[in-house]
Amino acid sequence: MSKVQVIVTGHGTFADGFKGALHLLASVPDNWSFVNFSEGMSDKQLQAKFETILGSDPKPTLFFTDLAGGTPYKVAATLASKNPQFAVVSGCNLGSLLESVFSDYDNADAYADAIIAASKQGTQKFTLDMPDNMATGSDDGI
């Protein structure tokens with residue numbers, strides 16, 4: 001298990017959605033937390049939730065947020081600007097989080113770089129690769 005704690009956060013039920021999906025696919029580590037930014041919640045309330053998780057002696061922490069520039073991202077970035085042990089990523093995917101469950105990191109920055117790389121690698125477009133004889137429109141039959 002990674003020594004870096006993870007806080008997954010985002011608008012609406014983003015965090016709960018990721019938590020549910022991860023529970024179907026793997027065992028979620030004990031040092032992972034999921035914080036929704038619910039309708040009507042202020043940035044101060046969100047920050048208080050983060051600070052409760054972080055405690056008085058924060059460990060290296062990776063914030064996994066839904067959107068760059070959104071409130072969860074801004075609040076996490078504000079905390080990260082005051083603590084060099086924190087890193088913030090946004091826009092990554094379930095595959096990158098799943099891969100990171102099975103990885104071990106001591107450093108939040110290295111963890112952030114790895115999760116971004118895994119997210120890019122896991123983002124793909126489906127293409128239908130047709131055999132050459134099908135692509136030419138040959139109606140020869142067999």
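Take the sequence shown: its position 112, counting from 1, is numbered 112 in our numbering, and each next residue is one higher.
Beta carbons are placed, not taken as given, at the ideal position from N, Cα and C, and that holds for glycine.
Computed from a prediction, not measured in an experiment: that's the story for all the values here.
If you count every other CB in all the chains shown that lies within 10 Å of the CB of residue i, and 16 or more means buried, which is it?
i: N36; result: buried
i: Q121; result: exposed
i: D30; result: exposed
i: P131; result: exposed
i: L46; result: buried
i: T52; result: exposed
i: S96; result: buried
Compute the Euclidean distance between the alpha carbons of residue i and residue j, then round it to the nearest angstrom.
i: T78; j: F63; result: 11 Å
i: H23; j: A110; result: 25 Å
i: L54; j: I7; result: 9 Å
i: M41; j: A48; result: 11 Å
i: T127; j: K59; result: 43 Å
i: Q124; j: A118; result: 12 Å
i: G91; j: L67; result: 5 Å
i: S103; j: T71; result: 28 Å
i: F50; j: A76; result: 8 Å
Identify the residues that DSSP records as bridge partners of residue i: which are they?
i: T61; result: Q5 and F86
i: S33; result: I7
Going by C-alpha to C-alpha distance, which of the options sits closest to residue i?
i: L94; options: F14, Q5 and V4; result: F14
i: L98; options: G12, G10, S27 and V4; result: S27
i: K3; options: G91, V75, F86 and D129; result: F86
i: S56; options: G20, D106, G69 and N83; result: N83
i: G69; options: D129, D43, E39 and F34; result: D43
i: W32; options: E39, G20 and S81; result: G20
i: A108; options: T61, E39, S38 and G12; result: T61
Compute the distance between the beta-carbons of residue i and residue j, then report whether it is under 8 Å.
i: S100; j: A112; result: no
i: T65; j: G10; result: yes
i: I168; j: V89; result: A question about residue 168 goes unanswered here, because the residues of the chain that appear run from 1 up to 142.
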